[in-house]
Amino acid sequence: MTGYRGRIAPTPTGLMHLGHARTFLEAQRRAREADGKLFLRIEDLDQARCKSEFVDALKEDLAWAGLSWEPEVWVQSQRLASFREAWRRLREAGVIFPCSCSRKDVAEAARAPHEEGQEPLYPGTCREVEREFESERDALSINWRFRVPEAEVVAFEDGRLGPQRFVGQRDFGDFLVWRKDGFPSYELAVVSDDIAQGITEVVRGRDLLTSTARQLLLYRALGAASPAFFHCPLVVDTEGKRLAKRAGSMGLRELRARGVTVADALTKLSTS
Ligand code: GLU
């Protein structure tokens, strides 16, 4: 695996909108400029919300938007064995702990008020609790969190946004790596796949910047080199609202039906 390797990683919980197309076209531009490869990865671990009809629709809509990708498409729901292996390695390294707190427990006991859209800082309730499991299956039926070192500074140079700096237990707390439903969290799945696919640069929306800080701790714990990162500004409408929040209003399907190209639609929008 040599040369530039990028990926686009949609979650098939609905139809693709202009915001997705913009980020993915940027990923394609980066890959082409580097004469590299671009992979499509379907992030379908949320079994309750992901639907196979959305997978077919997203391929069609993204192709219409001008995107193309390598023939080998990765599907996260087929990669559970590899995610379990990553979880084992983290467990052996002693950097994760089982956690029985519910989302509500965490929100209520959070140490500091959290901003809208940001996860509350985990209050540490289960951090030091010793727990034995009868089997691996039992162990995988509880949430697991990454133990983020207090005041750990995570700094990186973003290809689009420049120097970034996050502080552990201030900007983000002990985050989920495994869910009690038997699936990895987004953070663990993405890092495992980016390593397995030999991704050299991750291009995605800037709403995932804090996630990148968490993910850098996972690369280190898994003993893997991290890729470069390039976070794109989000597309906003004229009132400055994030497009992703305006359900389907600028869906690629709708643009196509109206005979509007993605390029035309994008020139009418600003970014933040
Ligand atoms: N599946 C994620 C999303 O749709 C993308 C995450 C990533 O690019 O790392 O937001």
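Take my numbering: the final residue in the sequence shown is number 279, and no numbers are missing along the way. Glycine included, each C-beta is placed from N, C-alpha and C at the ideal position. Source: prediction; values computed, not measured.
Which one of the options has the shortest CA to CA distance from residue i?
| i | options | result |
| --- | --- | --- |
| residue 76 | 39, 232, 178 | 39 |
| residue 16 | 101, 211, 176 | 211 |
| residue 155 | 228, 89, 166 | 228 |
| residue 12 | 201, 74, 220 | 201 |
| residue 241 | 177, 90, 167 | 167 |
| residue 100 | 81, 222, 230 | 230 |
| residue 97 | 232, 234, 224 | 224 |
| residue 105 | 273, 181, 56 | 181 |
| residue 140 | 132, 151, 131 | 151 |
| residue 74 | 27, 271, 197, 205 | 27 |
| residue 90 | 198, 268, 216, 206 | 198 |
| residue 173 | 205, 219, 34 | 219 |
| residue 236 | 165, 226, 217 | 165 |
| residue 57 | 276, 83, 44 | 83 |
| residue 233 | 217, 209, 20, 81 | 209 |
| residue 215 | 193, 206, 205 | 193 |
Would residue i pass as a contact of residue j if the rule is Cβ separation under 8 Å?
| i | j | result |
| --- | --- | --- |
| residue 24 | residue 258 | yes |
| residue 52 | residue 153 | no |
| residue 112 | residue 260 | no |
| residue 273 | residue 36 | no |
| residue 179 | residue 171 | no |
| residue 48 | residue 14 | yes |
| residue 195 | residue 55 | no |
| residue 9 | residue 50 | no |
| residue 158 | residue 175 | yes |
How far does the alpha helix (DSSP H) with residue i in it extend, from its first residue to its last?
| i | result |
| --- | --- |
| residue 67 | 59–71 |
| residue 44 | Where residue 44 is concerned, there is no enclosing alpha helix (DSSP H), although the beta strand (DSSP E) it sits in stretches over 44–49. |
| residue 265 | 259–265 |
| residue 238 | Premise fails: residue 238 lies in the beta strand (DSSP E), 235–239, not in any alpha helix (DSSP H). |
| residue 94 | 87–99 |
Counting along the chain, where does the beta strand (DSSP E) carrying residue i start and finish?
| i | result |
| --- | --- |
| residue 225 | Run containing residue 225: none in the beta strand (DSSP E); it sits in the alpha helix (DSSP H), 216–228. |
| residue 15 | 12–15 |
| residue 169 | 169–174 |
| residue 103 | 103–106 |
| residue 211 | 208–212 |
Please check the pair residue i and residue j, which I expect to be a contact at CB under 8 Å, by giving their CB distance rounded to whole angstroms.
| i | j | result |
| --- | --- | --- |
| residue 243 | residue 72 | Going by Cβ atoms, the distance from residue 243 to residue 72 rounds to 19 Å, so no, they are not a contact pair. |
| residue 133 | residue 109 | The pair is not a contact, with the Cβ atoms about 11 Å apart (cut-off 8 Å). |
| residue 213 | residue 239 | 6 Å |
| residue 22 | residue 61 | 7 Å |
Please check if any C-beta of chain C sits within less than 8 Å of the C-beta of residue i.
| i | result |
| --- | --- |
| residue 178 | Absence of chain C from the displayed structure is noted, only one protein chain being present. |
If contact is defined by three or more beta carbon pairs under 8 Å, each pair taking one atom from either stretch, is the segment 181–198 in contact with the segment 140–160?
Contact annotation: the segment 140–160 touches the segment 181–198, with at least three C-beta pairs closer than 8 Å.
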